[in-house]
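Numbering (the numbering used here), first residue to last: 762 to 1051.
Here it is in structure tokens:
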């Protein structure tokens, strides 16, 4: 399993130009981020006709050279965002082998039915939305609560809000909907930055979260603790059920302080009784008389 540390940015769009992508990674490192995810999108609604059961999703882009270059500095994960309009995506995800190669899977619904499915049945980790398409899709209270119980996380991207005022209004509306329907539970904040100048530091992002209706603790957790929980959930989804064996190299003692004190008192009582019996024994009495 990948070793991760805060702070986190789980949405860095993939760029074919290594210079641009490398500049973004260097800026993230300088700002204090330790774990990031490079995102690639796939539009399932524009899929071509393929045989049932055939592989539909693309393989992850090759970024091993970046991982080697930033080894020990940045933990680079791979994420795929699936855009879809109906529930037919579930079967394609079930039989796909390429999806298992991604660390994170995000769903971006394009219809109300897809949004409900994403909250209730989508086999992924993140629920995101397209800031360019506006705020026409708003989650209802029941779907939000189901998504939280399933361990799903809702994503807010701040880079589109910085670059365009219309996107900013739409994102604030969506974020306020999250607050109204679910008290902003399970919210993570990512950049979605296509350029290094769109990036902000972790503490600036935590302060920016007030605009999205998050509290101080929620703002801090949205770039740290919640992201860690999201990563662990994604790893458990990838690995599935496992069995772990723990072997000790020395004696292992499990005791509680109260139980230990009670055992000490019982041992003292036993030792006192043994002393009294020894003093009152016939042999000791003869020795005393002699």
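Using N, Cα and C, we set each Cβ at its ideal position, and we do this for glycine too.
Under 7 angstroms Cβ to Cβ from residue i, same chain only, skipping five residues before and after it: list those, please.
| i | result |
| --- | --- |
| residue 837 | 797, 799, 824, 827, 828 and 831 |
| residue 983 | 948, 949, 950, 970 and 975 |
| residue 994 | 886 and 912 |
| residue 917 | 932, 936, 948, 950 and 973 |
| residue 875 | 845, 846 and 847 |
| residue 900 | 876, 880, 938 and 942 |
Quick one: measure Cβ to Cβ for residue i and residue j, integer angstroms, because I've assumed they're closer than 8 angstroms.
| i | j | result |
| --- | --- | --- |
| residue 867 | residue 840 | 6 angstroms |
| residue 890 | residue 935 | 6 angstroms |
| residue 992 | residue 948 | Actually they are not in contact, since the Cβ atoms of residue 992 and residue 948 sit about 16 angstroms apart, beyond 8 angstroms. |
| residue 843 | residue 954 | Their Cβ separation, rounded to whole angstroms, is 21 angstroms, which puts residue 843 and residue 954 out of contact at 8 angstroms. |
| residue 769 | residue 806 | About 29 angstroms separates the two Cβ atoms, so there is no contact after all. |
| residue 857 | residue 817 | 6 angstroms |
Using C-beta distances below 8 angstroms, list every residue in its chain close to residue i, excluding the 5 sequence neighbours before and after it, in chain order.
| i | result |
| --- | --- |
| residue 945 | 936, 939, 973, 974, 975, 976 and 979 |
| residue 714 | Any property of residue 714 remains undetermined from this structure, which presents the chain solely from 762 to 1051. |
| residue 985 | 767, 768, 769 and 963 |
| residue 821 | 801, 839, 841, 859, 862 and 863 |
Please go through the same chain and pick out, in chain order, the residues whose beta-carbon is closer than 6 angstroms to the beta-carbon of residue i, but skip the five residues on each side of it.
| i | result |
| --- | --- |
| residue 904 | 877 and 880 |
| residue 834 | 790 |
| residue 943 | 905 |
| residue 776 | 782 |
| residue 920 | 952, 953, 954 and 959 |
| residue 922 | 928, 929 and 932 |
| residue 774 | 800 and 955 |
| residue 870 | 876 and 879 |
| residue 981 | 967 |
| residue 902 | 942 |
| residue 1050 | Since pLDDT at residue 1050 reaches only 43, below the 50 mark, its modelled position is unreliable, and the value read off the structure follows with that caveat. Within the same chain, residue 1050 has no close Cβ partners at all. |
Do you know how far the Cα of residue j is from the Cα of residue i?
| i | j | result |
| --- | --- | --- |
| residue 951 | residue 854 | 24 angstroms |
| residue 859 | residue 801 | 13 angstroms |
| residue 969 | residue 791 | 19 angstroms |
| residue 909 | residue 787 | 34 angstroms |
| residue 783 | residue 960 | 14 angstroms |
| residue 767 | residue 864 | 17 angstroms |
| residue 779 | residue 898 | 34 angstroms |
| residue 965 | residue 926 | 19 angstroms |
| residue 803 | residue 862 | 15 angstroms |
| residue 849 | residue 967 | 37 angstroms |
| residue 1000 | residue 987 | 20 angstroms |
| residue 924 | residue 892 | 11 angstroms |
| residue 990 | residue 771 | 13 angstroms |
| residue 996 | residue 963 | 24 angstroms |
| residue 765 | residue 872 | 34 angstroms |
| residue 744 | residue 795 | Residue 744 is absent from the structure shown; the chain starts at 762 and stops at 1051. |
| residue 998 | residue 888 | 16 angstroms |
| residue 819 | residue 957 | 26 angstroms |
Please name the residue or residues paired with residue i in a DSSP beta bridge.
| i | result |
| --- | --- |
| residue 836 | 796 |
| residue 916 | 949 |
| residue 842 | 802 and 867 |
| residue 774 | 800 |
| residue 769 | 796 |
| residue 887 | 867 and 914 |
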